[in-house]
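Q: Counting from 1, position 305 in the sequence shown corresponds to residue 305 in the UniProt record's numbering; the numbering is continuous, with no gaps.
Have a look at the structure that comes next, please.
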Amino acid sequence: MDVEALRTFVAVAEAGQFQAAADELGISQQAASKRIAVLEKSLGVALLVRTSRGSRLSLDGQVFLPYAKKVLTAVEQAEQAVRPGVRPLRVDVLNRRIAPAQAVYRFYRSRPEADLDAVTLAEENAEQAARAVLEGTIDASFRALPADQVPAGISAERLLDSPLELLVGPSHPLAGTAWVRPTDLAGHRIWIPGIRPGTEWAQFYRSLSQAFGLSIDALGPNFGDEALMDALADSASLATLVGSEDRYLWPQSYYLRRIPLRKPTPLYPHVLLTRTGDQHPVLTALRDHLRAARPRTTDDVWVPDWVAH
């Protein structure tokens, strides 16, 4: 059923004249008459009775009018629900402990009036997250998406780089160093539980291992971050990698050390994926905030060459 025909019918019913309704809708009287004729033909009934003074509702028109108004109200509500700036911006931050979540939180603190939802699509890989953006399930996602996997209709901008740090217990041989080179980690076991095959972070750590000759594994069950902190505190050989802005908590008695990696500094690149042309005002503000907050560094850095820029 033609929504514009319904809108014209309601306008004529309320105005009592075709010309007045046409003027209200910004169309010609002829166009208004044609819309009503098409609507009546599709319904198989006459909705309006033309008189010398204008138009009045037929019996069928009186029955049909409240339903037509309900349909128009539902259409208006549906349009409002998806109109940019009306509904919250849904942003996938992957994990609430890592850099994207912290960046979105800082943005929200700077603009507490911003209407947004931070969600975590932790079970989806980058390609699946990009598809969710394209389908409208979410509005944006932070992912290290390979350039050849960016689908048509998706814009990818690298706006958030997370420098990696080594996290070790107090008995680890590197615990007393101020910073280390990635090549210094060769021969040390780096345990990152939770790496799943087919994910972008698995591809990232594989590239990192190959570039610097590192031993990175995810062997054994993943009992969560707290269990990882327990294992690091008790081990003289185990280490893991975390982002410099990732938020992990452990008891003070663990004496864990976060050690920066330098010469070069490996960066985990979080690429902001959005639908091309999306004009949601909160998304525009978030993108501008990330661009302004992005640090300009002259340090030697390393990023895998397959990441979309």
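Here a beta-carbon is modelled for each residue, glycine too, at the ideal position from N, C-alpha and C.
All figures in this text were calculated on a predicted structure; none of them were measured in a lab.
Specify the secondary structure class of Leu48 as computed by DSSP and reduced to three states.
A: For the purposes of this step, residue 48 is taken as the residue at position 48 of the sequence shown. It is a strand residue.
Q: Which residue comes first and which comes last in the beta strand (DSSP E) that contains Asp161?
A: As a first step, residue 161 must be located in the sequence shown, where it is residue number 161. Run containing Asp161: Ile154 to Val168, per the beta strand (DSSP E) assignment.
Q: What does the alpha-carbon distance come out to for the pair Phe9 and Ser55?
A: Taking the first residue of the sequence shown as position 1, residue 9 is located at position 9. Taking the first residue of the sequence shown as position 1, residue 55 is located at position 55. Answer to the nearest angstrom: the Cα atoms are 11 Å apart.
Q: Using the C-alpha atoms, what's the distance from Pro170 back to Glu157?
A: Stepping through the sequence shown from its first residue, residue 157 is reached at position 157. Stepping through the sequence shown from its first residue, residue 170 is reached at position 170. Taking the straight line from one Cα to the other gives about 39 Å.
Q: Let me know the alpha helix (DSSP H) ranges lying completely inside the segment 91-138, each 4 residues or longer, listed in chain order.
A: List check, alpha helix (DSSP H) in window: 99-110 and 126-135.
Q: Measure how close the beta-carbons of Ala211 and Ile195 come, nearest whole angstrom, since I'm counting them as under 8 Å.
A: Here residue 211 refers to the residue found at position 211 when the sequence shown is read from its first residue. Here residue 195 refers to the residue found at position 195 when the sequence shown is read from its first residue. The pair is not a contact, with the Cβ atoms about 17 Å apart (cut-off 8 Å).
Q: Quick check on this structure: which residue in Ala122, Arg181 and Pro304 has the alpha carbon closest to the alpha carbon of Tyr205?
A: Counting from 1 along the sequence shown, the entry for residue 205 is found at position 205. The shortest Cα separation from Tyr205 among Ala122, Arg181 and Pro304 belongs to Pro304.
Q: Which word fits Glu165, buried or exposed, when buried means at least 16 other C-beta atoms lie within 10 angstroms of its C-beta?
A: Locating residue 165 in the sequence shown gives position 165, where the first residue counts as 1. Under this definition Glu165 is a buried residue.
Q: Exposed or buried, which one is Leu232 when buried takes at least 16 other CB atoms within 10 Å?
A: Counting from one through the sequence shown, the residue named residue 232 turns up at place 232. Answer is buried; the Cβ neighbour count reaches 16.
Q: Compare the beta carbon distance of Val49 and Ser58 with 8 Å and say whether it is the shorter of the two.
A: For the purposes of this step, residue 49 is taken as residue 49 along the sequence shown, with counting starting at 1. For the purposes of this step, residue 58 is taken as residue 58 along the sequence shown, with counting starting at 1. Yes, the Cβ-Cβ distance between Val49 and Ser58 is below 8 Å.
Q: Thinking C-alpha only, which one of Ala68, His188, Ser209 and Asp225 is nearest Arg96?
A: For the purposes of this step, residue 96 is taken as the residue at position 96 of the sequence shown. When only C-alpha atoms are compared, the closest one is Asp225.
Q: Are Leu89 and Val282 close, meaning C-beta to C-beta below 8 Å?
A: For the purposes of this step, residue 89 is taken as residue 89 along the sequence shown, with counting starting at 1. For the purposes of this step, residue 282 is taken as residue 282 along the sequence shown, with counting starting at 1. In this structure, Val282 lies closer than 8 Å to Leu89 by Cβ.
Q: Among the residues of its own chain, which have a CB less than 7 Å from the CB of Ala202, if the five just before and after it don't count?
A: Counted from its first residue, the sequence shown places residue 202 at position 202. Around Ala202: Ile195 and Arg196.
Q: So, at 8 Å on beta carbons, what are the nonlocal neighbours of Leu6 in its own chain, with the 5 sequence-adjacent residues on each side left out?
A: As a first step, residue 6 is located in the sequence shown; it is residue number 6 there, counting from the start. Here the set comprises Leu39, Ala68, Val71 and Leu72.
Q: Which residues mark the beginning and the end of the alpha helix (DSSP H) in which Ile36 is found?
A: Numbered from 1 along the sequence shown, position 36 holds the residue referred to as residue 36. Start and end: Gln29 to Leu43.
Q: Curious, which full-length beta strand (DSSP E) runs of at least 3 residues does the segment 195-225 contain?
A: Runs of the beta strand (DSSP E) inside the segment 195-225: 215-217.
Q: Using the Cα positions of Gly61 and Ala74, report the straight-line distance between them to the nearest angstrom.
A: Your numbering for residue 61 matches position 61 in the sequence shown. Your numbering for residue 74 matches position 74 in the sequence shown. Taking the straight line from one Cα to the other gives about 20 Å.
Q: Would you list, in sequence order, the uninterrupted beta strand (DSSP E) runs of no fewer than 3 residues that lie entirely inside the segment 233-307?
A: For the segment 233-307, whole beta strand (DSSP E) runs of length 3 or above, ordered along the chain, are 238-243, 257-260 and 265-275.
Q: Do three or more CB pairs link the segment 137-148 to the segment 267-277 at distances below 8 Å?
A: Segments in contact, yes.
Q: Quick check: the Cα distance between Ser162 and Val168, rounded to an integer number of angstroms?
A: Counting from one through the sequence shown, the residue named residue 162 turns up at place 162. Counting from one through the sequence shown, the residue named residue 168 turns up at place 168. About 18 Å.
Q: Please state if the CB of Glu124 and the CB of Ala118 are separated by a distance shorter than 8 Å.
A: Counting from one through the sequence shown, the residue named residue 118 turns up at place 118. Counting from one through the sequence shown, the residue named residue 124 turns up at place 124. Cβ distance not < 8 Å, so Ala118 and Glu124 don't count as in contact.
Q: For Met229, count neighbouring Cβ atoms within 10 angstroms of its own Cβ and tell me buried if that reaches 16, exposed if not.
A: As a position in the sequence shown, residue 229 is number 229, starting the count at 1. When all chains shown are included, Met229 counts as buried.
Q: To the nearest angstrom, how far is it from the Cα of Ala114 to the Cα of Pro173?
A: Position 114 of the sequence shown, counted from the first residue, corresponds to residue 114. Position 173 of the sequence shown, counted from the first residue, corresponds to residue 173. The straight-line gap from Cα to Cα measures roughly 46 Å.
Q: For the candidate residues His280, Asp246 and Tyr254, whose alpha-carbon lies nearest to that of Ala103?
A: Taking the sequence shown and counting its residues from 1, the one referred to as residue 103 is at position 103. Checking every option, the nearest Cα to that of Ala103 belongs to Asp246.
Q: Less than 8 Å between the beta carbons of Ala32 and Ala46, yes or no?
A: What you label residue 32 is simply residue 32 of the sequence shown in a count that begins at 1. What you label residue 46 is simply residue 46 of the sequence shown in a count that begins at 1. It is not a contact, given that the beta carbons lie outside the stated cut-off.
Q: Under a three-way DSSP split, which group does Leu59 fall into?
A: Translated into positions along the sequence shown, residue 59 becomes position 59. Three-state result, Leu59: helix.
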